[in-house]
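Asker: Pasting in a structure now, in structure tokens, and then I'll have a few things to ask.
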Amino acid sequence: MDSIVLDVNTGAREVVLDLTSRCEQFVSGRGDGLLHVFVPHATAGVAILETGAGSDLDLLAVLEDLLPRDFEWRHRHGSPGHGRDHVLPALIPPYATVPVLAGRLTLGTWQSICLVDTNRDNPDRHVRLSFLAG
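In the numbering used here, each number is its position in the sequence shown, counted from 1, plus 493.
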């Protein structure tokens, strides 16, 4: 297995950040196998969804409805509502696996691999890309 870590800065806002091109670069020329994307953070997730047509913003809006910042979260360190960020990975897991054929991701036409980060307290993220050859 081959593995690298991407350093990503998400800024001070909630974000759905498209990582697809970086994933494509990592698997390019590797043949057949699996790409595993993992975020080693307790407050971020990985999603495969359409971006650029509003789905990414819709996802953030739905997360706000499901996990409102003004809820009485028991987990209370950090900024107000930070407890929701710790619940996020239960809904959007911190990993995704994508088949790779002939060094190319087998994503559908409108699918992208995205980091989902609602934690405004920590903009510095790491994303581990691992390739398991077939």
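A virtual CB, placed ideally from N, CA and C, is assigned to each residue, including glycine.
From a predicted model like this one, the values you see are computed outputs, not experimental measurements.
Kindly indicate which three-state DSSP category Leu560 falls into: helix, strand or coil?
Answerer: Here Leu560 sits in coil by DSSP.
Asker: Decide yes or no for the touch test of the region 540-560 against the region 506-521: beta carbon pairs closer than 8 Å, at least 3 of them.
Answerer: Touching, yes, given that three or more Cβ pairs across the two stretches are closer than 8 Å.
Asker: Where does Gly538 sit, in a helix, a strand or coil, going by DSSP?
Answerer: DSSP places Gly538 in strand when its eight states are reduced to three.
Asker: Report the residue from Gly601, Arg613, Val532 whose alpha carbon sits nearest the alpha carbon of Ile585.
Answerer: The shortest C-alpha separation from Ile585 is found at Val532.
Asker: For Ser623, which residues of its own chain have a beta-carbon under 6 Å away from its beta-carbon, when the five flanking residues on both sides are left out?
Answerer: So the list reads Met494, Ser496, His529, once near-sequence residues are dropped.
Asker: How big is the Cα-Cα spacing for His619 and Asn502?
Answerer: Roughly 9 Å between the two C-alpha positions.
Asker: Could I get the ranges of all uninterrupted alpha helix (DSSP H) runs contained in the region 574-601, with 4 residues as the minimum, in chain order?
Answerer: 575-584, all fully within the region 574-601.
Asker: Work out the CA separation of Ser521 and Ala626 for me, nearest whole Å.
Answerer: About 12 Å.
Asker: Following the continuous alpha helix (DSSP H) through Arg515, name the residue where it begins and the one where it ends.
Answerer: 513-520 is the span of the alpha helix (DSSP H), which, as asked, contains Arg515.
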